[in-house]
Structures are given as structure tokens and as C-alpha cells.
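Trainee: Protein chains in written order, with our numbering: chain A, 59 to 394; chain B, 40 to 578.
Could you have a look at this structure, given as C-alpha cells, before my questions?
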């Protein structure tokens, strides 16, 4: 079967006409297969949703019980058949519950990687390469400049700063799902056992991670009780990045603005956002990992979804691998 | 190099002065010699290195990278050194080690022109990403990390628990990698002896006259002088060495050979560097804008010297001959100074005249209406005051001419840094003018201080509630004739500008008051600002 007949980009997302399902659709559809819980991939309002049980739990936390008509959990490593199309879920290493979705019919297999990374992450299962004819990859950090450093070096920067500026509040901006919990877990691994204060927007997701057996240590709400004179000096506070600009951050003693993101590699980005201590910690592949993954899987063809498609397509061209951009809209290639 | 690279990364992003100092002190304490000395030199701008052209760095990268991928990368990152440092792929098998900063610099200093290219390539192969960036910034010249030599000296003083004046005095007698300096600061050796006699001595500074400061003081105890709008300098000619220093101890001799050549007396004097004619030649003192033509240059052409002749208006004397006269009173020092100036070149030196007065009220009137447009206020000096380095409260006061004021309309706001990162605290304001027959606001300046914390809350709330457009970190706010926010802006001076669309550039603008009692239509016009420039130019 020609790959294009198996799966193609439609306005609502990647569509499989034979199985009549979409993968990570950006608008409400009858049947949706969801790779992971980030809001640009997992949207509310579909008829039927298939995803890992963790992703379904996360969607329920974010959208409530009315997130979709019916839901069906499917575990990593499991496969299902829709009208002759075999669908499998495989670990993607992006956030808790994240999956790559493989679609097979008539001897042709396409793998939709969703968002993925190759680094070890204490909060989720690691990426597993799946042999395929077409590998659909993201390209969030698809430029040769992106080389994410070892995340232990990055978390150590934060610990050094805590020792150097013990009178300042270390306010870490990190996306509420995945990044925040990973940063906390990394700090714990590095031997930081003080209570960590979290923004209200993180509470339920952190509770959920803990309920799944991921130890985040002692977390406390970063709220001010009226009678308390707490000003958080010398503590680590984690909140969503947007909260920096918010009046929320004014409660902290002399805050030092920290941001955990792959974008922090680019100095001007850090400067523009007023970040004082950038932590280059990413839940996506860097350039070397993207290109090594393609080399390792050795698909006949590479389709590139969101991010800096043109550079990755160019790299494939140089290597003699057939590649094209899919120009999918609706995915947030900046959000990390 | 890794520690130095980390230091640079932190300094670039730390807006607070105290945080920068602490980062520097911790680095100086932890780094070994000679690395820390070379780091100091790189930061203070005293490092001499054969620099490398950006084009060469680009070529080196293109030796092993696809040109199309390079272009995508460079377009995205925007900075060549950063692009190269990030995209550089060391060949398989090469090992990245932490090459000490000192070793890297010494290797470059030994390298001849012909080998530079291969040495830079080799270094890039053996440094890690962050160190590559620091290295490229070093070899292309220009760290641009927002740290002045003055701040670095303050960090040195803090490191050794010394007074910064001591560091400044020693500074020009020392050179990279500053081994004796660091040995002294870490308590391992005596203070280094001065080898160059014409060193910089910390200058005496005045405090602004505050509310009620003068009430308790007797006018008879003070001398008054005009405060001129040039730059404060120290001119030294000791042991046959002539040097000109700025107020902060930066040597600016290279830009003013005319003044140095004329300084044929022995001693150290303090004065204002100005452009134009001295009182002794009966020609006018010219504006700060003219002086600026001569500042920040390593060398000057004879043409520039002729067009913008510089001179020193002498205020004080620190050394007469080789004798330290700083302990003497102001009156005695002034007599010695007058004697020197009298015999010095009339084109290059004059004596700052005293302003006679008998009461503070009289002086206040003189201050409000000075006889020369290049005067920016009055200096008050106790007649018996010795020359004391630093800003001691009591002996010297500065009493500035009232600033200029306009009412302007808030147009754009940007979030601040550090403590202010959750506030819209950098404001662009505009004045009215007719564009194609229509009344329009044009931006005339930017200010980010002058307001109180309470006023900042008010401005911040206005910006958040009245944003009409966002451009990255900048917000445009509503500014219509009958709706908007009027602020009173105070500034020290105003010049023509080709860089700003409005054609005017304010000096030292700040928000003096919030004028919620006014509507934007009542704010000032661009023509008012232009008239201020014309008024000054016509005197």
C-alpha cells in the first residue's frame, strides 16, 4: 500500500481513511488517537478517544469528565485493529504516558512519533525505536545549533545559584505537564530534599505523578496565608512560565527568574524573556538526537510535522533519504 | 575556560549590580592564576589579543557544514559567534577538555598571523559549546556583557575587603594577568608597589544639595563654582609620564593628545574636560554634544582636533610637583592651582572661576539663570576642605540647575528586569505634532525610573488594562486625545538626533510626576522640544 493511502494530512490532523481515525486532531472528530497529554495534541470534544491510561487521566484532570464521548485506554506495547488497520502504541519518552503510534496495513507501516526525546527521564518510559517505512517526526529543535547539554549540568546550575544567592527566591518557570515534574525529580536526584513550592496550576498534575509512583518529594503550595510572613527567600518555587509576568511572582523576595526549556540555549531568547538563569532542559530531541534517530530507524521516507521542518528535510536530502514537510497546523512549536 | 564561560553567561543575564559583583567575586576567589587575571583583563578591556574577523569564523564553520543549514541556523540565532559555537561539530575522536583560559590566551598571543586560522579551528575542536562561545567572543573582540571596568574593580575591592580607591590608584601600574594584585587581594602578599608614577587617584565627589541641607550652613564657609557640562577628568604629569583619566579611572589619553602635549607642568590636577575656547582666549565653551565627537576614540585625526579643540577647566590640584597637596585646605590648593594654570598654555587650560555670593538665596537665583548655556549647576566647596577621595557628605555639594520638564503621553511599555520583571516599568512617551495635517503622537524618549513604587503600581495597572497591541515584550497602550496617561518627564538636556524619528534626544530622562489630572490633548508638542534646542543653540 502506498503510505499516502494509509495516512495523510487533512485539515483536522493526520487522517487514516481506512481505519477512519485521526491522530492528534486539532479539531473535534469522531475518533481520535492521542499521543500525549499536552494541550495542542490532546484536545477536548472528540467522540471517541484512544490513548494510554496516563494520557486519558491527564486529559481528565485538564478537561474534566466531559472531555470526550467515550474513551478507551490502550497500553504501551499493545495493538488494536480497526477495519484491517493495525494500530500500536510505543513509548515516546516525552512526558508521562506519551506514545508513538504505529499504523500498519498491507505490509506498510507508518510511525507517528508525536513529540519525543531520547534522554533518560525519571518521570516517564524511554523512547523505543520502531522499524517502519515512514517515520513521522517532529522538528521542534530541528536546527544544527540545538545541542541540549546534560540535564545534570543544568540542574546543578540551579543548586549552585541557591548556594550563591541564598537570600533570593529561585522561581523556576516550567510547563505544567512533564517539564515541571521532571525538573523537580531531577533536583531530588541531585540530592535537593528541601520542600519545593509549586504554583496552583501544577498541583493536580504533580499529585497525579506522585500517585503513579513518581517520587517528587515534599511539595507545598506557593501561596501566602494572610497570617504568615513567609517570603520564600532561599527556596525553589516552580510555576508555569506565564506566571513570571504575572502579579503572582511579586510575593517572592527578590526573585531570580529561571526558565527550564530547550529554547534557553539561545542567549537572546533568555535575555528577551528577562530570564536570569536559563536551564536548558528539554522534553524534545536536539538536532543530534533527531538525526541519529532517523539514521537508527532507517525508514524509506521521513515526514516532518512541526517545528523547523526545512532544516531537517534539508539534512535528509543531503543523506539521500526521501523527506517532506507535512505542514500541519495547530501544533505549538514554541511551547516547551 | 568553562568557569569563565559560565561567568559570562551569568553576567549577561544578571541585571542587578550587586548580583554581578557577587558573581565576579566568587569567580575571582575560585579561579586559579593566571586565568582570573586574564578574565579580569577581558572584562575590563585591558586584554591585548590579535583579533579575528567574523568572516573567518564563518568560513571555518562552512568547512564542515552545509551552507543551507548554516543559513537556517544563523537566521534563527542571529549572532555569528553563538551560531558557530552551537553548530560546531568536533571531528569524531577529538576530546573536549577544559582548556584553561590563561593557556588559551597565551597560545593565541604566541600565534602568528599565518597560523591563526588553524589554531582557532583546533581550539574550537577541543572546547565544549559554552566555552567555544566565550572563546569566540574573546577572539572576535567585544564581550558586551554589561560589566564596566569600574564594576570589575569594585568586585576586586570586595574580594580583598579593600577600598575601591586603592584598586583604582594601583590599576594603571598593573597589567594582565595581574598576579601581584590577586596575591595581595587574597592576603598572600604585600600591596604591589607602583611602578608607573602617573597613576590615577580617586577623585573627590560632591553630594547633591538636599532639602534643608543648606539651612544649617553659613555661606561664608563656602566657595561656589560653576558646574560645567563636560566630563570630569584627572590630568597627571609625574616622572615624565603624562596621563589623562576619566572620573572612574579609565585612561583616555589617546583621544586627547592636544591636551597632554600642552600639560608641561609637573603635578596632578582635577578639572572638567570641555571643547571650545578657554576663558583666557575669550572664545565660547561648546556643548557636550561637541565634546562627544572626541570621546570613546583610541586616536584622533588632526582635523578632529582642529574642529573640536579640547581644554581643561581646572577645579583642583592633588599633587603640586611631586608633593601630595591633598591634605591642604581648598583655599591653599586653589592658590597652587592658579599658579600652575597661569603658566600653562592659554588654549588648553583655564581656571574655573569662583562665583561671588553672600546668601543662599542669591546663589539660588544665579543657579537658575547661569551666564553660560554649558553650565549645569553650581558646586559648593568648604573653604577648609581637604581633598578626600570618594563621596563624603559635608565638604562638597553640587546644586544642579533645575531640569527641563515636559508633559508627555505614555505610548509603549516594556517589562523591566530582575525585581521589576513582573512590572511594565520601561516607558516610551510621545509628544504631539502634525503629520500630514493630522495631530499625531511621536515617541520622543524612554524612561525607566524616577517614579515611586506606588506610582509604578499605578502605571503598571494602566498598561495592563489598556494594552491595544503587543510586539514581543512591548505593549502599546491607548493614547488618544481624550484617553491615555500623561506623565511629566524631567531631563537634563536635549539635543538634535538623527537616530530618533522625532529628531530629538533627551539626556537622562525620567518620570518626574504622574499627571492623572491631565488629558493627553493637554500634553506638550514636539515643537516645544525643538524650541528648547534652538534656544540653547542661539545663546
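By construction, the Cβ of each residue, glycine as well, lies at the ideal position given by its N, Cα and C atoms.
What residues in its chain sit with their C-beta under 6 Å from that of residue 231 (chain A), if we drop five residues either side in the sequence?
Mentor: The residue given as residue 231 (chain A) occupies position 173 in the first chain. Excluding sequence neighbours, residue 231 (chain A) sits near 299, 302, 317.
Trainee: How far does the alpha helix (DSSP H) with residue 537 (chain B) in it extend, from its first residue to its last?
Mentor: As a working note, residue 537 (chain B) is residue 498 in the second chain. Neither: residue 537 (chain B) is in no alpha helix (DSSP H) and is coded neither H nor E.
Trainee: Can you list the residues of chain B that residue 220 (chain A) reaches, using a CB-CB cut of under 7 Å?
Mentor: Here residue 220 (chain A) is taken as the residue at index 162 of the first chain, counted from 1. Neighbours of residue 220 (chain A) on chain B: none; closest Cβ ~13 Å, over 7 Å.
Trainee: Do we get a CB-CB distance below 9 Å when we pair residue 323 (chain A) with the residues of chain B?
Mentor: Here the question's residue 323 (chain A) lines up with position 265 in the first chain. Interface residue, yes.
Trainee: Using DSSP with H/G/I as helix, E/B as strand and the rest coil, what is residue 293 (chain A)?
Mentor: Within the first chain, numbered from 1, the residue matching residue 293 (chain A) stands at position 235. It is coil, neither helix nor strand.
Trainee: Taking a contact to mean a Cβ-Cβ separation below 9 Å, would you say residue 260 (chain A) touches residue 238 (chain A) in this structure?
Mentor: The count along the first chain starts at 1 and reaches residue 260 (chain A) at position 202. The count along the first chain starts at 1 and reaches residue 238 (chain A) at position 180. Yes.
Trainee: Over what stretch of residues does the beta strand (DSSP E) that includes residue 285 (chain B) continue unbroken?
Mentor: Your numbering for residue 285 (chain B) matches position 246 in the second chain. Looking at the DSSP string, the run of the beta strand (DSSP E) that includes residue 285 (chain B) is 280 to 285.
Trainee: Measuring only between beta-carbons, confirm whether residue 215 (chain A) sits less than 9 Å from chain B.
Mentor: Here residue 215 (chain A) refers to the residue found at position 157 when the first chain is read from its first residue. At a cut-off of 9 Å, the C-beta of residue 215 (chain A) has a neighbouring C-beta in chain B.
Trainee: How would you write the range of the alpha helix (DSSP H) that residue 475 (chain A) sits in, first residue to last?
Mentor: Nothing about residue 475 (chain A) can be read from this structure; chain A reaches only from 59 to 394.
Trainee: If you follow the beta strand (DSSP E) that residue 105 (chain A) is part of, which residue opens it and which one closes it?
Mentor: Your numbering for residue 105 (chain A) matches position 47 in the first chain. That run of the beta strand (DSSP E) goes 104 to 109.
Trainee: What in chain B is Cβ-close to residue 304 (chain A), meaning under 9 Å?
Mentor: Walking along the first chain from the start, residue 304 (chain A) turns up at place 246. Under the 9 Å cutoff, chain B gives 461.
Trainee: Distance, Cα to Cα, residue 355 (chain B) vs residue 338 (chain A)?
Mentor: As a first step, residue 355 (chain B) is located in the second chain; it is residue number 316 there, counting from the start. As a first step, residue 338 (chain A) is located in the first chain; it is residue number 280 there, counting from the start. Residue 355 (chain B) and residue 338 (chain A): Cα-Cα distance of roughly 54 Å.
Trainee: Whole angstroms are fine: how far does the CA of residue 178 (chain B) sit from the CA of residue 40 (chain B)?
Mentor: The residue you call residue 40 (chain B) lines up with position 1 of the second chain. The residue you call residue 178 (chain B) lines up with position 139 of the second chain. When rounded, the distance between both Cα atoms is 13 Å.
Trainee: Measuring only the C-alpha atoms, how far is residue 273 (chain A) from residue 267 (chain A)?
Mentor: By one-based count along the first chain, residue 273 (chain A) stands at place 215. By one-based count along the first chain, residue 267 (chain A) stands at place 209. About 8 Å.
Trainee: Helix or strand or just coil, what does DSSP make of residue 217 (chain B)?
Mentor: In the second chain, residue 217 (chain B) corresponds to position 178, counting from 1. Reduced to three states, the DSSP call for residue 217 (chain B) is coil.
Trainee: Between the stretch 261 to 268 of chain B and the stretch 280 to 300 of chain B, do at least 3 Cβ pairs fall closer than 8 Å?
Mentor: no
Trainee: How about residue 160 (chain B) and residue 121 (chain B): do their beta carbons lie closer than 9 Å?
Mentor: Numbered from its first residue, the second chain carries residue 160 (chain B) at position 121. Numbered from its first residue, the second chain carries residue 121 (chain B) at position 82. Not closer than 9 Å, so no.
Trainee: In the DSSP assignment, find the alpha helix (DSSP H) that holds residue 369 (chain B) and state where it starts and stops.
Mentor: Residue 369 (chain B) sits at position 330 when you count from the first residue of the second chain. Its alpha helix (DSSP H) spans residues 369 to 382.
Trainee: Heavy atom of the ligand FMN less than 8 Å from the Cβ of residue 154 (chain B), yes or no?
Mentor: In terms of ligand content, the structure shown is empty, and the ligand FMN therefore cannot be addressed.
Trainee: Can you give me the start and stop residues for the beta strand (DSSP E) that residue 159 (chain A) sits inside?
Mentor: Stepping through the first chain from its first residue, residue 159 (chain A) is reached at position 101. Segment 157 to 163, the beta strand (DSSP E) holding residue 159 (chain A).
Trainee: The beta strand (DSSP E) with residue 148 (chain A) in it runs from where to where?
Mentor: As a first step, residue 148 (chain A) is located in the first chain; it is residue number 90 there, counting from the start. It spans 143 to 149 - the beta strand (DSSP E) in which residue 148 (chain A) sits, taken as one unbroken run.
Trainee: Does residue 285 (chain A) come out as helix, strand or coil in the three-state DSSP assignment?
Mentor: On the first chain, position 227 is the one that residue 285 (chain A) refers to. For residue 285 (chain A), the pLDDT reaches just 48, beneath the cut-off of 50, and the residue's location in the model is therefore unreliable, although a value from the coordinates is still provided. Annotated three-state conformation of residue 285 (chain A) is coil, per DSSP.
Trainee: Can the beta-carbon of residue 55 (chain A) be found closer than 9 Å to that of residue 254 (chain A)?
Mentor: Here chain A comprises residues numbered 59 to 394, so residue 55 (chain A) is not present and cannot be evaluated.
Trainee: If you measure between the beta carbons of residue 330 (chain A) and residue 511 (chain B), is that distance less than 9 Å?
Mentor: Here residue 330 (chain A) corresponds to residue number 272 of the first chain, with the count starting at 1. Here residue 511 (chain B) corresponds to residue number 472 of the second chain, with the count starting at 1. Yes, the Cβ-Cβ distance between residue 330 (chain A) and residue 511 (chain B) is below 9 Å.
Trainee: Looking at chain A, is there any beta carbon in it that lies within less than 9 Å of the beta carbon of residue 261 (chain B)?
Mentor: Here residue 261 (chain B) refers to the residue found at position 222 when the second chain is read from its first residue. By this cut-off, residue 261 (chain B) is not an interface position.
Trainee: Applying the criterion that 16 or more other CB atoms from any shown protein chain within 10 Å of the CB defines a buried residue, is residue 233 (chain B) buried or exposed?
Mentor: On the second chain, position 194 is the one that residue 233 (chain B) refers to. Residue 233 (chain B) comes out exposed.
Trainee: May I ask you to report which of helix, strand or coil DSSP gives residue 59 (chain A)?
Mentor: Translated into positions along the first chain, residue 59 (chain A) becomes position 1. If DSSP states are grouped into helix, strand and coil, residue 59 (chain A) belongs with coil.
Trainee: Ordered along the chain, which non-local residues of its own chain (more than five positions away) have a Cβ less than 6 Å from that of residue 515 (chain B)?
Mentor: The residue labelled residue 515 (chain B) in the question sits at position 476 within the second chain. Once the five neighbours on either side are set aside, the close Cβ partners of residue 515 (chain B) are 451, 507, 508.
Trainee: Applying a beta-carbon distance threshold of less than 8 Å, which residues of chain A neighbour residue 104 (chain B)?
Mentor: Position 65 of the second chain holds residue 104 (chain B). Per Cβ cutoff of 8 Å: 202.
Trainee: So who's on the other strand from residue 545 (chain B), going by DSSP bridges?
Mentor: Against the second chain, residue 545 (chain B) aligns to sequence position 506. For residue 545 (chain B), which the question treats as bridged, DSSP gives the partners B:533.
Trainee: In three-state DSSP terms, what is residue 130 (chain A)?
Mentor: Within the first chain, residue 130 (chain A) is the residue found at index 72, counting from 1. In the structure shown, residue 130 (chain A) sits in a strand (DSSP, three-state: E or B).
Trainee: What residues match up with residue 362 (chain B) in a beta bridge as DSSP calls it?
Mentor: Here the question's residue 362 (chain B) lines up with position 323 in the second chain. In DSSP, residue 362 (chain B) forms a bridge with B:359.
Trainee: Is there contact between the stretch 340 to 356 of chain A and the stretch 204 to 213 of chain A, where contact requires at least three CB pairs shorter than 8 Å?
Mentor: yes
Trainee: So residue 440 (chain B) and residue 409 (chain B) are in contact, right, with Cβ under 8 Å, and what is the actual spacing, rounded?
Mentor: The residue you call residue 440 (chain B) lines up with position 401 of the second chain. The residue you call residue 409 (chain B) lines up with position 370 of the second chain. That pair is a contact at about 6 Å.
Trainee: Helix, strand or coil, according to DSSP, for residue 243 (chain B) in the structure here?
Mentor: For the purposes of this step, residue 243 (chain B) is taken as the residue at position 204 of the second chain. Three-state DSSP puts residue 243 (chain B) in a strand.
Trainee: With distances taken Cα to Cα, identify the nearest neighbour of residue 576 (chain B) among B:326, B:432, B:537, B:526.
Mentor: The sequence position of residue 576 (chain B) within the second chain is 537, counting from 1. In terms of Cα proximity to residue 576 (chain B), the closest of B:326, B:432, B:537, B:526 is B:326.
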